[in-house]
Amino acid sequence: MIGQGLTRRVKRFLLLVIVPAVMLGVNVPPAWAWISELRHQRLINSQEYKEQFGKWDVVELPDEQKVNAIHAAVLPTGRILLIAGSGNKEDMFNAGTFKSLVYDPATGRSRVVPTPDDMFCSGHTFLASGNLLVAGGTQRYERLDGAVTNAGGGVIVKNEDPDAAPLSLPAGTEFRTPEGLVYRATHPFVVEPATKVATRRGATVTASETTVFAEAVEPGPGYVFEGPRQYAVGGVPAADAQNIYALGQAMTLKKQNYQGIEQTYEFNPYTEAYERVGDMVFKRWYPTLTGLADGGVIAVSGLDGTGEVLNGQNEVYDPVTRTWNERKDLTQYFPTYPALFQTARDDFLFYSGANSGYGPAEAGRVPGFWNLRTNVITPIPGMRDPDLLETAGSAWAGPVQDQRIAVVGGGGVGESPRSTARIDTIDLDSPNPTWQPGPMLPEGTRYPNLTTLPDDSMLISNGSRDYRGKGDTNNHNARIYRPQTNTLDYAADPAVGRNYHSASMLLPDGRVMVVGSDPLFNDQANTIPGTFEQRIEIYTPPYLFRGPQPTIADAPPRAELGDTVAVATPDAARIQSARLMAPMASTHVTDTHQRSIALDMTKSGAGVSVTLPRDRAIAPPGRYMLFLLDDRGVPSVGRWIEVPEPGRAEAA
């Protein structure tokens, strides 16, 4: 009997290993790996596994439809806008080839849409109209140390004449020093008239200032100058020459950062086209756009037209006039892409401390409340690993009524290899808000993607331990954070590693779509230049494997704050809760628009009735996805609904 059992085991070994090895033309160890992978695939595709951990699926677009998805937004049509601009490809920038893609996750169809400017590393957020506001982008790519041949720097052009008309000067405008050295503007600019304010004794005139980047006309160190210097401005009419002059900052051969643009567009989701609106007051690259309770948008931070972090110059967009206005009363410095959230109080924003990219380690990195009435920031220290907030993720944890923010992962400033596995939360409604420790991720994580789900949990996916995935450090894992219990559950592992320039989005059907990743290198030794990840991956959460989704048979397309509306569903008996989910607009691990809003709900024979909150700071005007959830925690497919600005009449 023993011999027969041994013979059976040998035969099984031959069938499972030797025969596949011969067929594949490989040796036994790879055959074992093949069998292991086969078993793994069988496991992760089993119903039991998916019910507990969910499932990832990779989507490949046709080559002609692939883009470097730097920015991603869920349009109120259910389609996805992926913005590449030049896609972090300088050859594309030099050629003026800028790309955006509209992708339909329901059908898999996609199309490239005309993109008028380089929106690479812009800022964006949704407006009440459903349009996506996109502001800023790239004026010029960086020049690294050793690659700068012509000395360059910022030049401030001043005009002391309040009665002059605005003067437009072209790229190539010359700035000449008293010694005869000449520098040229790299881009066109406008010299505005001075401002004149009447006083009791006459008037006060303040010279206008326009900053432009200029380069020496010849290479070499002879044009390097570290101190302040005055220039004569070429191309200025003789009558204006005595009032218009320029002051130079340092002209060096040091690294030159990316530079921003002022161009602003609204992307119309219904025509799927960009609409040019008023330019920003300041050029910005890596800015944050945060929607305010009144429907306006504040733009903060970013690199200006000379590659310097803006020194606190912030501005507000009026969606009615489609124009920007500088808010000198709100001058506050932040590092680039700061995570700023509209709180439940109209005039208060909360800064989580999370940011991406540029700014000194000692400035603007402490979380806190920003009072927009007094322009005072009240810091809230106490978070674990406070020096590891760059490339951290942050989002509302649970319904926005809970006023709880989570900060997840992050790393050191710049190209630091350090990262943290920290999840800390804060209750903004507490009389004395303090940071509370949460569970730890399995490993240090820069660039985590945070996606709020309709069941009040949060999917935390991807990221890397080191800067831009250096040393092959992508984290191929995902977790589901549950704010109600402050616990972390295992989720299925994504197949694709993602770090810098990645984004995630909640889809209307309850799934999650993840795009992008821009590793610095493609190998562990950091010798092979990285390749941008153009595959899409879609995560189906466990709740979609627990049986059929409840159905929304009918719902009003529009509901005002405080309204109670009827939602028809054949599944009313088992509906337990309702949520409004703001569509995501994500870039650089920053999405200040996403939020979940809990709705009061009652049941009726034909469906349910849901009541919207009355507070516009809880539910700012805009388009939302309405989800109904049943007694198993399974969400319906989201139904789009408009929450208009208070008092605005319905459009004809």
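The sequence shown begins at 94 in my numbering and counts up one residue at a time.
Ideal placement from N, C-alpha and C gives every residue a C-beta, glycine not left out.
A quick note: this is a predicted structure, and the numbers were derived from the prediction, not measured.
Shown here for SER557: same chain residues with a beta carbon closer than 7 Å to its own, the five before and five after excluded, namely ARG539, TYR540, THR566, ASN567, ASN568 and ASN592 in chain order.
Contact annotation: ILE354 and ASP210 have beta-carbon atoms nearer than 8 Å. Between the segment 194-214 and the segment 254-266, the count of Cβ pairs shorter than 8 Å is below three; the stretches do not touch. The alpha-carbon separation between THR657 and LEU534 amounts to approximately 40 Å. Scanning the segment 288-375 for uninterrupted beta strand (DSSP E) segments of 3 residues or longer gives 288-292, 295-299, 301-309, 322-326, 337-341, 357-361 and 366-369, listed from N- to C-terminal end.
Pairing GLN496 with THR436 gives a Cβ-Cβ distance under 8 Å. Listed in chain order, the beta strand (DSSP E) runs fully inside the segment 191-271 are 192-196, 203-207, 216-219, 225-228, 231-233, 245-252, 260-262 and 267-269, counting runs of at least 3 residues. The shortest CA-to-CA distance from GLY315 to any of LEU692, TYR142 and TYR276 is the one to TYR276.
With respect to the C-alpha of THR190, the residue from GLY180, THR424, THR633 and LEU481 having the closest C-alpha is GLY180. Below 8 Å, too few C-beta pairs join the segment 401-415 and the segment 463-475 to call them touching: fewer than three.
Counting along the chain, the unbroken beta strand (DSSP E) around ASN464 starts and ends at 461-464. Its chain contains LYS563, GLY564 and LEU613 as the residues whose beta carbon lies nearer than 8 Å to that of ASN619, once the 5 sequence neighbours on both sides are disregarded; these appear in chain order. A distance of 8 Å or more separates the beta carbons of SER301 and PRO281. Rounded to whole angstroms, the gap between the alpha carbons of PRO453 and TYR430 is 14 Å. When the Cα atoms are used, GLN529 and ASN579 turn out to be separated by approximately 10 Å. Per DSSP, reduced to three states, the secondary structure at SER512 is strand. The C-beta distance from ASP684 to ALA691 rounds to 20 Å, too long to meet the 8 Å contact threshold. Boundaries of the beta strand (DSSP E) harbouring ASN418: 416-419, taken from the DSSP string.
When the Cα atoms are used, ALA652 and TYR351 turn out to be separated by approximately 43 Å. Straight through space, the alpha carbons of GLY505 and ASP440 are spaced by roughly 31 Å. By the Cβ neighbour-count rule, TYR363 is exposed, with fewer than 16 other Cβ atoms within 10 Å of its own. The beta carbon of ILE629 is closer than 6 Å to those of VAL152 and VAL608 in its chain, skipping five residues each way along the sequence. For LEU382, same chain residues with a beta-carbon under 7 Å away, outside a window of 5 residues either side, are GLY216, HIS217, THR218, LEU226, ALA228, VAL390 and ALA392 in chain order. In this structure, ALA307 lies near PHE268, with their beta-carbon atoms less than 8 Å apart. Contact between LEU194 and VAL160 holds, since their C-beta atoms are separated by about 5 Å, short of 8 Å.
For TYR430, no alpha helix (DSSP H) run applies, since DSSP gives it neither H nor E.
Scanning TYR444, ALA432, ASN407 and PRO479 for the CA closest to the CA of GLU455 turns up PRO479. Under the three-state reduction of DSSP output, GLN669 falls in the strand class. For MET677, no beta strand (DSSP E) run applies, since DSSP gives it neither H nor E.
The C-alpha of SER670 is placed about 22 Å away from the C-alpha of MET598. Counting along the chain, the unbroken alpha helix (DSSP H) around PHE186 starts and ends at 183-188. Counting other Cβ atoms within 10 Å of its Cβ, ASN615 stays below 16 and is therefore classed as exposed. When only Cα atoms are considered, THR357 and LEU465 end up about 24 Å apart.
Contact check for ALA499 against THR518 passes: the beta carbons are separated by less than 8 Å. As the crow flies, the alpha-carbon of ALA278 is around 5 Å from that of THR266. Secondary structure at HIS686: coil, using DSSP grouped into helix, strand and coil.
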